[in-house]
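Chains as they are written, first to last, in UniProt numbering: chain A, 1 to 282; chain B, 1 to 282; chain C, 1 to 282; chain D, 1 to 282. Below: one structure, written as structure tokens.
Protein chains: 4
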Amino acid sequence: MLKYELGCELTYSIEQASTLILNVAIVSNNHQIIVQEDLHSNSQRSIEEYITSVSGNRYFRLNAPPGNLQISYRATVGLSPYYSDPSTIFEVKPADLPLDILYYLYPSRYCQSDRLLRFVAAEFGHLVPGYSRVTAICNWIYDNVLYLSGSSDSLTSACDTAIERVGVCRDFAHLGIAFCRALNIPARFVAGYAYGLNPPDFHAWFEAYLGGRWYLFDPTRLVPQSGLIRVGTGRDAADVSFATIFGPVQMNQMRLFMDYLPDAKPISENILIPTTEAIAIS
Amino acid sequence: MLKYELGCELTYSIEQASTLILNVAIVSNNHQIIVQEDLHSNSQRSIEEYITSVSGNRYFRLNAPPGNLQISYRATVGLSPYYSDPSTIFEVKPADLPLDILYYLYPSRYCQSDRLLRFVAAEFGHLVPGYSRVTAICNWIYDNVLYLSGSSDSLTSACDTAIERVGVCRDFAHLGIAFCRALNIPARFVAGYAYGLNPPDFHAWFEAYLGGRWYLFDPTRLVPQSGLIRVGTGRDAADVSFATIFGPVQMNQMRLFMDYLPDAKPISENILIPTTEAIAIS
Amino acid sequence: MLKYELGCELTYSIEQASTLILNVAIVSNNHQIIVQEDLHSNSQRSIEEYITSVSGNRYFRLNAPPGNLQISYRATVGLSPYYSDPSTIFEVKPADLPLDILYYLYPSRYCQSDRLLRFVAAEFGHLVPGYSRVTAICNWIYDNVLYLSGSSDSLTSACDTAIERVGVCRDFAHLGIAFCRALNIPARFVAGYAYGLNPPDFHAWFEAYLGGRWYLFDPTRLVPQSGLIRVGTGRDAADVSFATIFGPVQMNQMRLFMDYLPDAKPISENILIPTTEAIAIS
Amino acid sequence: MLKYELGCELTYSIEQASTLILNVAIVSNNHQIIVQEDLHSNSQRSIEEYITSVSGNRYFRLNAPPGNLQISYRATVGLSPYYSDPSTIFEVKPADLPLDILYYLYPSRYCQSDRLLRFVAAEFGHLVPGYSRVTAICNWIYDNVLYLSGSSDSLTSACDTAIERVGVCRDFAHLGIAFCRALNIPARFVAGYAYGLNPPDFHAWFEAYLGGRWYLFDPTRLVPQSGLIRVGTGRDAADVSFATIFGPVQMNQMRLFMDYLPDAKPISENILIPTTEAIAIS
């Protein structure tokens, strides 16, 4: 088990009474255990927590009065990824696909896989199905799309990125998802904390449903895969906003941190050496 | 209770062994009772049924061998809409919104509400919140968008329709959904059977979450609201395809029918006279 | 010199008095000589002709009264293409580019080269500049885009085609133009008659400015290059509509024909054997 | 005659030998007389000037060696607008339109009038044709689109602005142009210097062809119309870039200035009081 300490501090100016729905807390599941957790706000108001049944996403709702709002979240998490030999991981045939993940085959706001069918068939259609084909998709994205801070915005979609060939982590993930879905591989968006990201920020990657599991893929290659801690899961970034705000609210500051806790295993063996194994944490 | 008999016949040419996932069967819920139902196929293969927990959508999966495939579905349904006085139906504040419907506020493939915030604020922002505001949205769509068969395709989105001002039922619904979400009113897409639609076809409308319920709205004004029977519910048409096909399959024919069964109540009182009441069937 | 006889017949229903601007007559220049020409209309009204100074496009303006309008155009044309050895044709440096063709470097309605800079740099940036690089662009289009009648419409642009990888001749030309401009190679759209096109229709191809000339390229490979007769030249299809109509007019029929006149040279030597030489007809 | 002194200073870092084509010098025509003019560069290289026949745009081409490049342009200009009574200015019928301005009816990169036909017919189709209808278009833009610095980029088009309802001067002009063309009113883009713009920057507006002239319109209402001095004219911003750069060049600084020279007439009578008359400067 790998252990991390992580968190964020958010400060907002609330002009008039507003509602904020935050999705900054990490998910608890078989692979990701919350050892300790603390949510603190300078507001007297209670914070409502809601956990979605489908994705396990945790939403905090605050009804904030006018003034300054500070929220800090901090958690210690244990991560036990599931490792598997990539060569053994096959694509699931439509005939065998669990129907509750059918939605992850359909196009979504930022992942218009329906427009990319011929593109994807030409680029990846001839490849051997399986984990290696999704790896080929990630390699294509890494080779063909420039990672450039500030090059995209909240309207940028996979089709834009396929044309303009520039973006940030969320665009890389969207393109990976759109490509997978166009090949009938279910794929979904994940947002979370990433160990070693510089400057610290929320990160985004994607998961593809292969061999009966959601395997993680990060075409940005910015951080080691075993340094990814899940916050939000959804069909694309539209579902996984770290803050949904209703009212005249200004964000003043957002600070994230993530530290490795070396008591478990020496970091060199786990984190810094990129693995060639497939990893699933869901 | 209103009673209808309805159904469809689909015939396909299967070139190679293929998987079809059909979403043509009607949903069962408090307002919509399946009195009798029959699904028939000319294939020996079993048909797997899956009902989604979130929406109650019913998917039939068939693994079809090469050859001719015929599917016929037929149901007798009793509809007991919930009627309510529109003037009493308010918008739900973000502070009170059940968090499991938060997803219906987010933009989706065909309903890019995130791009329409200023448009919608200018057109509808000043109106009194409530059922009447969504009615105003529907009136705007009816007045400003031409209904024209064949004018749009599977790539057409709400932004296209807002610009080009032409479309079919699904485009009308998408635009209504996008407008609602841009006003922080949760909205979702519904596909189903519609009494009196000429020529008979699957119809699409939308629902807005108001006063704690999903009220139905149909900006096409093509059919009476009490003649709408639900098949699929989703964030937009991407979620509610009547057929998702994996493999080289050709659709040869699609025939729908829907008849009113007058044993319950005389039709004149219920169907042909448009109601001024708000209707919910979910 | 190659000789062709060609023409078109157009019939319209004019509901109310309307203005039509037709661009169906062939251009006269050093390489394309009009031997004989006839324009006939069933209307008593005179037809105004206008020839643009920039492109030599010929516009016929008719002010048609209500009723049936028939227009027939017929011409005998002699074509003397300029042939050149592709290996000797270089790209013109921006420092040497005649500034009156600067406009053909800029993005246009259907050729958004500004969005494709990185795409094009990655695909073609490393190739040796010159005629062969534009040939590589054409080969890419031929290999990666499916020619499919009816797959696009008047709104389809090069960016759509780059994503969706399907289109008709005008889409192939638009993509070629956009790719060239993104490499700083001036490129323009040409519409005209094409020998051997089946079914007969107006065709579209493009020209790239190389080595001080406009060389022609047709990524569809549908017809021999020496069978292309110019009607309209422009920045893209927006400039080169064969009919611009003001008023309630219905087109009933459009028939084209194009025959080879074998008195000049035997066709086998000129037309049916694709040339490996570069061809310019402007 | 109004007199202004204006100019700009541009500084670039040239990494490798590059070509720059600048369009910063003002046009000379019947209404806009260059009293004095000076172009200065710190480069030893000669600057080539090219004036386009269609628009009178003046292009300066520099082939710059690596290093720091400074360019300063300064002019004294006399402006004699043509004033006309708006109520006498009619739209030109397609039957009477000079065919050399037909191109300004066609859609262009940023002005996709072809997508806006129904939108425009619904909003403006019922209005009395003439100058006042274009004024209505400008009023609509002013009322419905928020002017917000930094809200758009070089990819933003009229369709984006029609949806998102936010933009800067070039977006306002593009939308005005697209609306006009969709009503069969020729319209074109103008870039230039604007008196009183704060902070000083290049400005953009548009011209509509009415009553046989190009009348100017500026839906931003940021500056008095008699304070607009023309630099570039084109179909949209794609044609009128103040700098087209070939090579690895960084712009370090751009400073503009524009002063009123009060020797001609007191400014209060001419500039600061917005006129109700129609103005043409072309």
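Idealized CB from N, CA, C, for every residue including glycine.
- Comparing alpha-carbon positions, the option among TYR50(B), ASN29(B) and ARG61(B) lying closest to SER43(B) turns out to be ARG61(B).
- Per the C-alpha coordinates, the member of ALA25(A), THR19(A), GLU5(A) and MET1(A) positioned closest to PHE242(A) is ALA25(A).
- Residue-level contact check: SER154(C) touches chain D, since one or more beta carbons of chain D fall below 9 Å from its beta carbon.
- Taking 8 Å as the upper bound on Cβ-Cβ separation, chain B lies near residues ALA162, ILE163, GLU164, ARG165 and VAL166 of the UniProt domain "Transglutaminase-like" (161 to 221) of chain D.
- Residues of the region 74 to 101 of chain A with a C-beta less than 7 Å from any C-beta of chain B: PRO94, ALA95, LEU99 and ASP100, listed in chain order.
- Distances from the alpha-carbon of GLU5(D) to those of GLU49(D), SER113(D), VAL35(D) and SER18(D) put VAL35(D) closest.
- Taking C-alpha positions only, GLY212(A) is separated from VAL120(A) by approximately 23 Å.
- The Cβ atoms of ALA238(B) and SER55(A) do not sit closer than 9 Å to each other.
- With contacts defined by Cβ atoms closer than 9 Å, SER80(B) and HIS31(B) form a contacting pair.
- ARG235(A) sits in coil when the DSSP states are folded into three classes, being neither helix nor strand.
- For LEU116(C), the closest Cβ of chain A is nearer than 9 Å.
- The C-beta separation of ILE229(A) from TYR193(A) comes to about 4 Å, placing the pair in contact by the 8 Å criterion.
- At a cut-off of 9 Å between C-beta atoms, TYR106(C) counts as an interface residue with respect to chain D.
- The C-beta distance from ASN23(D) to VAL240(D) rounds to 7 Å, short enough to meet the 8 Å contact threshold.
- Taking 8 Å as the upper bound on Cβ-Cβ separation, chain B lies near residues ARG118, PHE119 and ALA122 of the region 118 to 138 of chain D.
- Just measuring C-alpha positions, the residue of GLY232(C), LEU102(C) and TYR73(C) sitting nearest ILE47(C) is TYR73(C).
- HIS203(B) is bridged by DSSP to GLY192(B).
- At a cut-off of 9 Å between C-beta atoms, ASN144(B) counts as an interface residue with respect to chain D.
- Nearest C-alpha to ASN144(D) among PHE124(B), TYR131(B) and ASP143(B): PHE124(B).
- Around the beta carbon of PRO248(C), a 10 Å sphere encloses fewer than 16 other beta carbons of the protein chains shown; the residue is thus reported as exposed.
- Beta bridge pairing from DSSP links MET258(C) with LEU6(C).
- At least one beta carbon of chain A lies nearer than 9 Å to the beta carbon of GLN112(B).
- The shortest CA-to-CA distance from GLY227(A) to any of ASP236(A), THR233(A), ARG235(A) and LEU216(A) is the one to LEU216(A).
- Counting C-beta pairs with one atom in each stretch, the region 155 to 175 of chain C and the region 154 to 169 of chain A have three or more that are closer than 8 Å, which means they touch.
- LYS93(D) is positioned such that its CB atom lies closer than 9 Å to that of THR19(C).
- Counting only residues of its own chain and dropping the five nearest sequence neighbours on each side, THR76(D) has a CB closer than 6 Å to the CB of GLU5, VAL35 and GLN36.
- Within 8 Å of the CB of ALA243(C), no CB atom of chain D is found; the nearest one sits about 13 Å away.
- Here DSSP, grouped into helix, strand and coil, assigns ILE245(D) to strand.
- Against chain C, the CB of CYS8(A) has no partner CB under 9 Å away; the residue lies outside that interface.
- Ranked by Cα distance from PRO65(C), the options LEU197(C), ALA95(C) and TYR12(C) are led by TYR12(C).
- The Cβ atoms of ARG133(D) and ILE177(D) do not sit closer than 9 Å to each other.
- Nearest C-alpha to PHE246(A) among LEU155(A), ILE141(A), GLU9(A) and GLN16(A): GLN16(A).
- Put simply, the CB of ARG230(A) is far from chain B, with every gap to its CB atoms at 9 Å or more.
- CYS138(D) and LEU222(D) do not touch by the CB rule: their CB atoms are close to 12 Å apart, not below 8 Å.
- Annotated three-state conformation of ASP218(D) is coil, per DSSP.
- DSSP lists SER108(A) as the beta-bridge partner residues of CYS111(A).
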